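K.L.:
If you count the sequence shown from 1, position 275 lands on 702 in this note's numbering, and the numbers rise without skipping.
Even for Gly, the Cβ is constructed at its ideal location relative to N, Cα and C.
Just so we're clear, the structure is a prediction, and the values are computed from it rather than from any experiment.
I am attaching a structure below and will ask some questions about it afterwards.
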Amino acid sequence: MAAKPTLLTIDDDPEVLRAVERDLRRKYGERYRVMRADSGRAALGVLEELKRRGDPVALLLADQRMPEMSGVEFLEQAIRLAPSAKRVLLTAYADTDAAIAAINQVRIHYYLMKPWDPPEQNLYPYLNDLLEDWQQTFRPPFEGIRVIGNRWSPKAHRVRDFLGRNLLPFHWLDLDTSAEARDLLAMLEKGGGGKEGAGGGTLTAPVVVFPDGSALADPELLTLGERVGLRTRAERPFYDLVVVGAGPAGLAAAVYGASEGLKTLLVEREAPGGQAVTSSNIENYLGFPSGLTGQDLTRRAVMQARRFGAEILTPQEVCGARANGEYRVLTLSSGGEISARVLLVATGVQYRRFEVPGAELLTGRGLYYGASMSEGQSCRDEDVYLVGGGNSAGQAAVFFAQYARQVSILVRGQSLAESMSQYLIDQIAAIDNIHVMTGTKVTAVVGTDHLETITIACGGEERTVPTTSLFIFIGAEPRTDWIGELVERDEFGFILTGPDLPRAGGRVKSWPLDRDPYLLETSIPGIFSAGDVRHQSVKRVASAVGEGSIAVQFTHRYLAET
Ligand SMILES: Cc1cc2nc3c(=O)[nH]c(=O)nc-3n(C[C@H](O)[C@H](O)[C@H](O)COP(=O)(O)OP(=O)(O)OC[C@H]3O[C@@H](n4cnc5c(N)ncnc54)[C@H](O)[C@@H]3O)c2cc1C
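Have a look at this one:
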C-alpha cells in the first residue's frame with residue numbers, strides 16, 4: 428500500500444513537541460502520517476530515510492529556537508531532501524523579523540506564532556491552505572523497485588532487461604540526466620540503513636533500490652532474482668520431468684506435465700517467455716484475433732503452470748547434462764545437480780553474433796541483440812536502426828516507432844516479402860516514421876563510451892549516419908552448447924529427433940532400444956526436444972507450444988515402459 432504523505436514536526440521542547448504532534452494528528456491523522464523529531468539533525472535523518480524509501484513529505488513544521496540548528500537552518504537544509512514539502516516556521520513573537528527574513532532567504536512558505544491555541548483558529552486554517560496547495564501539485568511517487576545507473580552501461584542494461592523480462596515493474600533513474608538519481612545514489616553511499624553490496628561507502632552502479640529503502644549494488648542476476656522473490660533453488664533433488672528453457676515450448680510442457688500429475692521442474696536462465704516475451708504483438712496465435720503481447724502470453728502461461736504445481740526456477744542456467752542409467756542428470760551453473768527420469772530440451776535459439784568491426788565493444792552500449800522493451804523509452808525522439816528482415820525485426824520496428832523519431836529497417840534482401848509476414852509488411856507501410864532500406868548492410872559501428880555512428884553500405888556506396896540505437900535481429904543459433912555431444916545434433920547445432928536421427932542398416936545409429944525413437948525423442952531414450960531448438964522446427968509460438976505439449980505425451984509412454 429502507498430505510504431501516507433508525512434507531516435514532520437521538530438522542536439527541542441518535549442512538551443511543545445507533543446502538543447503540536449497531538450494537534451496535527453487530531454486533524455490530519457487519517458490522511459497523513461504525523462512524525463516528530465527533537466532536533467534539526469534528527470529530523471534530517473528522518474527525511475533521509477523517507478527519501479530512501481521514496482515516501483512523500485507534505486509538511487515540515489519546525490520551531491525556530493533550537494540549540495545546534497535553528498528552525499530556519501533546518502528548513503534550509505531540508506529543501507534538498509524534501510523539495511516539494513511545505514516549510515513552516517513556528518516562532519515566538521520576538522522572532523517575527525527573523526521569520527519574515529527567512530521567507531525571502533530560504534523560501535519558507537509560512538510562519539506561525541506560538542501559542543497556536545485554539546488550533547481551529549490559529550493553526551488549521553493556515554495548514555489546510557498549504558496542504559491543499561501541496562496536494563494540487565503532488566504526484567504519488569513510484570512504489571516499486573528503482574534502478575540507478577548509466578544508460579550506456581551494459582550491466583545496467585542487463586539488470587533492466589532482466590527485470591523487464593521477468594515482468595517486474597521498475598523505475599529507471601539515469602545518472603547522466605536525472606538529479607534524483609544522483610541524489611539517491613549519494614544518499615545510499617553516505618551509508619543509510621539497509622544497503623547491501625556497498626564497498627567502503629562507494630556503490631558500484633547499477634544500484635537496485637527496493638521499496639523498503641534497502642539496495643543492491645551491481646548485483647548478480649541470481650542474487651537479484653532471489654531478492655525480488657523469484658524461485659532460484661529446486662525444492663527436491665529428483666523429478667519425473669525436468670524441462671530446460673521456459674519459452675513457449677517449455678511452458679507448454681510444464682502446464683501439461685504438471686496438470687497430468689508429473690513432478691515437473693522448469694529451469695530458465697533469464698526469464699520465462701523466451702523469445703516470445705520480447706514480442707510486442709503476437710497476431711497469429713490461435714484464439715486471439717486482435718493479437719496479444721508476448722508478456723501477456725507469458726504471464727498467463729506462468730500462472731497456469733504454477734497453478735498446476737510446476738516449479739519454475741529462474742534465473743538458473745543449465746550448463747551440462749549426462750545420462751546415468753535410467754536417470755537424466757543436469758548440472759546448474761550456480762553449482763549443484765538435478766536428476767529426472769525424463770529431460771526435455773526446449774532451449775530455443777538466440778540471435779547470431781553481429782560480425783562487424785566495433786560490435787563486440789558496443790554491445791549493451793547502444794547495440795543490442797533483439798528488442799528490449801526497456802529501451803523503448805530511452806529511444807524517445809531518436810533515430811533507431813534495426814538490422815534484419817524477419818518478423819521479429821518487423822514487430823520491433825512497429826514497437827519502436829511509438830517512441831523514436833524515425834525507425835530504419837536495414838535488410839540485405841531486395842524486399843521484405845522474402846522474409847516477413849504480409850500482415851507486418853502492411854503495418855509497416857502504414858507507419859510514417861518507419862523507413863525500410865533494402866539491399867543494405869552495416870559495415871562498421873563506431874563509438875567510445877557508447878554507439879555514436881554506423882556505416883551503411885548500399886549499391887557500392889557507403890555512408891555514415893549518427894545513431895545511439897542499433898538492434899540486431901539476424902539469424903538464429905540453437906542454444907545447445909551446454910548439452911555438448913550427449914545427443915545427436917545437425918551441422919548447425921540444432922537437435923535431431925525421431926525420424927531425423929541418422930540411420931544405418933534401417934536402424935537408428937547407436938539406439939539401444941527395440942522400438943524406434945518417438946517423434947520428439949533425441950538419440951538418447953528419455954531425452955526429448957521441442958520448439959525452435961529442434962532441427963527443422965517451425966519457428967512459431969504455436970508450433971513450440973504444440974511440440975511442448977506433445978512431448979509430454981511421449982514422456983508418459985516412456986515412463987510407462989521403463
Ligand atoms: C521479437 C520476436 C517476435 C516474434 N513474434 C512471433 C509472432 O508474432 N508469432 C509467432 O508465432 N512467433 C513469433 N516469434 C517466434 C517465437 O517467439 C519463437 O518461435 C518461440 O518463442 C520459440 O519458443 P521456444 O520455447 O522453442 O524457444 P525460446 O522462445 O527461444 O525459449 C527458450 C528459452 O530457453 C532458455 N534457455 C536457453 N538456454 C538455457 C539454459 N542453458 N538453461 C536454462 N534456460 C535456457 C532461454 O533463456 C529461453 O527463455 C517471435 C520471435 C521474436 C524474437
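(1) Exposed or buried, GLY498, counting other C-beta atoms within 10 Å across all chains shown (16 or more means buried)?
(2) Quick check on DSSP: helix, strand or coil for GLU536?
(3) Is DSSP giving MET462 helix, strand or coil here?
(4) Pick out whichever of PRO510, VAL783, LEU740 and PHE665 has its Cα sitting closest to the Cα of ASP610.
(5) Starting from the Cα of GLY688, find the closest Cα among GLY701, LEU649 and ARG733 and give me that residue.
(6) Taking 7 Å as the limit between beta carbons, can you name the residues of its chain near VAL635, skipping five residues before and five after?
(7) Per DSSP, LEU993 forms a beta bridge with which residues?
(8) Three or more C-beta pairs closer than 8 Å, one from the segment 813-820 and one from the segment 904-916: is that the case here?
(9) Does the beta carbon of GLY958 fall short of 7 Å from some heavy atom of ligand 1?
(10) Buried or exposed for TYR368, going by 16 or more other Cβ atoms inside 10 Å?
(11) Are the CB atoms of GLY775 and GLY672 nearer to each other than 8 Å?
(12) Do you know whose CA, among ALA470, PHE781, THR659 and VAL704, lies nearest SER761's CA?
(13) Any heavy atom of ligand 1 closer than 7 Å to the beta-carbon of ARG733?
(14) Taking the C-alpha atoms as reference points, what is the distance between ASP601 and LEU590?
(15) Since PRO675 and GLY925 should fall inside the 8 Å C-beta cutoff, what is the C-beta to C-beta distance between them, to a whole number of angstroms?
(16) Is VAL960 closer than 8 Å to ALA773 when the C-beta atoms are compared?
(17) Does the segment 842-858 come into contact with the segment 539-550, if we say contact requires no fewer than three beta-carbon pairs (one atom in each stretch) closer than 8 Å?
(18) What residue ranges within the segment 785-849 form continuous alpha helix (DSSP H) runs of no fewer than 4 residues, ordered along the chain?
(19) What residue from TYR778, THR875 and PHE898 has the CA that sits closest to ILE836's CA?
(20) Taking only the alpha-carbon atoms, compute the straight-line gap between ASP588 and TRP561 and give it to the nearest angstrom.
(21) For ligand 1, is there any heavy atom lying closer than 7 Å to the beta carbon of TRP909?
(22) Confirm, please, whether the CB-CB distance from LEU486 to LEU502 is below 8 Å.
(23) In this structure, how does DSSP classify GLU380 when only helix, strand and coil are distinguished?
(24) Along the chain, where does the alpha helix (DSSP H) containing VAL669 start, and where does it finish?
(25) Is GLY627 helix, strand or coil by DSSP?
(26) I want to know whether the segment 525-532 touches the segment 438-447 - three or more CB-CB distances under 8 Å.
(27) Check VAL614 in the structure and name its three-state DSSP category.
(28) Could you tell me whether the segment 693-711 touches the segment 720-730, using the rule of 3 or more Cβ pairs below 8 Å?
(29) Within 10 angstroms of the Cβ of GLY620, are there 16 or more other Cβ atoms? Answer buried if so, exposed if not.
(30) Could you spell out the range, first to last residue, of the alpha helix (DSSP H) harbouring ILE506?
(31) With respect to the beta strand (DSSP E) encompassing GLY576, which residues constitute its N-terminal and C-terminal limits?
(32) Near THR982, which residues of its chain fall below 6 Å by C-beta distance, leaving aside the five closest residues on each side in sequence?
(33) So is the beta-carbon of ALA798 under 7 Å away from any non-hydrogen atom of ligand 1?
(34) Find the nearest neighbour of TRP599 within the set LYS478, THR741 and ALA583, judged by alpha-carbon distance.
(35) Measuring only the C-alpha atoms, how far is LYS622 from ARG480?
P.N.:
The short version:
(1) As a first step, residue 498 must be located in the sequence shown, where it is residue number 71. Sixteen is the threshold: when 16 or more other Cβ atoms of the shown chains lie within 10 Å of the Cβ of GLY498, as they do, the residue is buried.
(2) Your numbering for residue 536 matches position 109 in the sequence shown. The residue you asked about is not Glu; residue 536 is His in the sequence shown. In this structure, DSSP gives HIS536 a state outside helix and strand, which the three-state scheme calls coil.
(3) The sequence position of residue 462 within the sequence shown is 35, counting from 1. Three-state result, MET462: strand.
(4) As a working note, residue 610 is residue 183 in the sequence shown. Measuring from the Cα of ASP610, the nearest candidate turns out to be PRO510.
(5) Position 261 of the sequence shown, counting from 1, holds the residue named residue 688. The residue with the shortest Cα to Cα distance from GLY688 is ARG733.
(6) The residue you call residue 635 lines up with position 208 of the sequence shown. Contacts found: ILE572, VAL574, VAL586, ALA642, LEU643, PRO646 and LEU651.
(7) In the structure as shown, the chain starts at 428 and stops at 989, and residue 993 therefore has no counterpart that could be examined.
(8) By the Cβ test, the segment 813-820 is not in contact with the segment 904-916, since fewer than three Cβ pairs between them sit closer than 8 Å.
(9) In the sequence shown, residue 958 corresponds to position 531, counting from 1. The answer is yes for GLY958.
(10) Outside the shown range of the chain (428 to 989) lies residue 368, about which nothing can therefore be said.
(11) On the sequence shown, residue 775 is found 348 positions in, with the first residue counted as 1. On the sequence shown, residue 672 is found 245 positions in, with the first residue counted as 1. Closer than 8 Å, so yes.
(12) Counting from 1 along the sequence shown, the entry for residue 761 is found at position 334. Nearest C-alpha to SER761: THR659.
(13) Along the sequence shown, one-based indexing puts residue 733 at 306. Not so, every heavy atom of ligand 1 lies at least 7 Å from the Cβ.
(14) Position 174 of the sequence shown, counted from the start, is the residue given in the question as residue 601. Position 163 of the sequence shown, counted from the start, is the residue given in the question as residue 590. Taking the straight line from one Cα to the other gives about 16 Å.
(15) Locating residue 675 in the sequence shown gives position 248, counting from the first residue. Locating residue 925 in the sequence shown gives position 498, counting from the first residue. 20 Å between Cβ atoms; not a contact.
(16) For this step, residue 773 is matched to residue 346 along the sequence shown. For this step, residue 960 is matched to residue 533 along the sequence shown. Yes, Cβ-Cβ distance for ALA773 and VAL960 is below 8 Å.
(17) Contact between the segment 842-858 and the segment 539-550 is absent, because fewer than three Cβ pairs lie under 8 Å.
(18) Every alpha helix (DSSP H) of 4 residues or more that sits fully in the segment 785-849 is shown, in chain order, as 786-789 and 818-827.
(19) In the sequence shown, counting from the first residue as 1, residue 836 sits at position 409. From the listed residues TYR778, THR875 and PHE898, the smallest Cα separation to ILE836 is found for PHE898.
(20) The count along the sequence shown starts at 1 and reaches residue 588 at position 161. The count along the sequence shown starts at 1 and reaches residue 561 at position 134. ASP588 and TRP561: Cα-Cα distance of roughly 36 Å.
(21) Here residue 909 corresponds to residue number 482 of the sequence shown, with the count starting at 1. Within the chosen limit of 7 Å, ligand 1 reaches the beta carbon of TRP909 through at least one heavy atom.
(22) Mapped onto the sequence shown, residue 502 falls at position 75. Mapped onto the sequence shown, residue 486 falls at position 59. No, they are not a contact pair.
(23) The shown model of the chain, from 428 to 989, leaves out residue 380, and the question about it has no answer.
(24) Your numbering for residue 669 matches position 242 in the sequence shown. Counted as a single uninterrupted DSSP element, the stretch harbouring VAL669 is not any alpha helix (DSSP H) but the beta strand (DSSP E) occupying residues 665-671.
(25) Within the sequence shown, the letter at position 200 stands for residue 627. Its pLDDT being 48, under 50, GLY627 is placed unreliably in this model, and the value from its coordinates should be taken loosely. DSSP places GLY627 in coil when its eight states are reduced to three.
(26) Look at the beta carbons and you see the segment 525-532 not touching the segment 438-447: under three pairs across the two are nearer than 8 Å.
(27) Numbered from 1 along the sequence shown, position 187 holds the residue referred to as residue 614. Reading the sequence as shown, one finds Met at residue 614 and not Val. If DSSP states are grouped into helix, strand and coil, MET614 belongs with the helices.
(28) Two segments are said to touch when three or more pairs of C-beta atoms, one from each, lie closer than 8 Å; by this definition the segment 693-711 touches the segment 720-730.
(29) The residue you call residue 620 lines up with position 193 of the sequence shown. Bear in mind that a pLDDT of 45 at GLY620, under 50, signals an unreliable position, so the number given afterwards is only what the model happens to contain. Counting C-beta atoms within 10 angstroms of its own C-beta, GLY620 has fewer than 16 neighbours from the protein chains shown and is therefore classed as exposed.
(30) For this step, residue 506 is matched to residue 79 along the sequence shown. 498-508 is the extent of the alpha helix (DSSP H) around ILE506.
(31) Mapped onto the sequence shown, residue 576 falls at position 149. GLY576 -> beta strand (DSSP E) spans 572-576.
(32) For the purposes of this step, residue 982 is taken as residue 555 along the sequence shown, with counting starting at 1. The residues are LEU668 and VAL769.
(33) Counting from one through the sequence shown, the residue named residue 798 turns up at place 371. Because some heavy atom of ligand 1 lies under 7 Å away, the Cβ of ALA798 counts as near it: yes.
(34) Position 172 of the sequence shown holds residue 599. Ranking LYS478, THR741 and ALA583 by Cα distance to TRP599 puts ALA583 first.
(35) To locate residue 622, count along the sequence shown from 1; it is residue 195. To locate residue 480, count along the sequence shown from 1; it is residue 53. Reliability of the predicted coordinates at LYS622 is poor, the pLDDT of 47 falling under 50, and no value is obtained from them.
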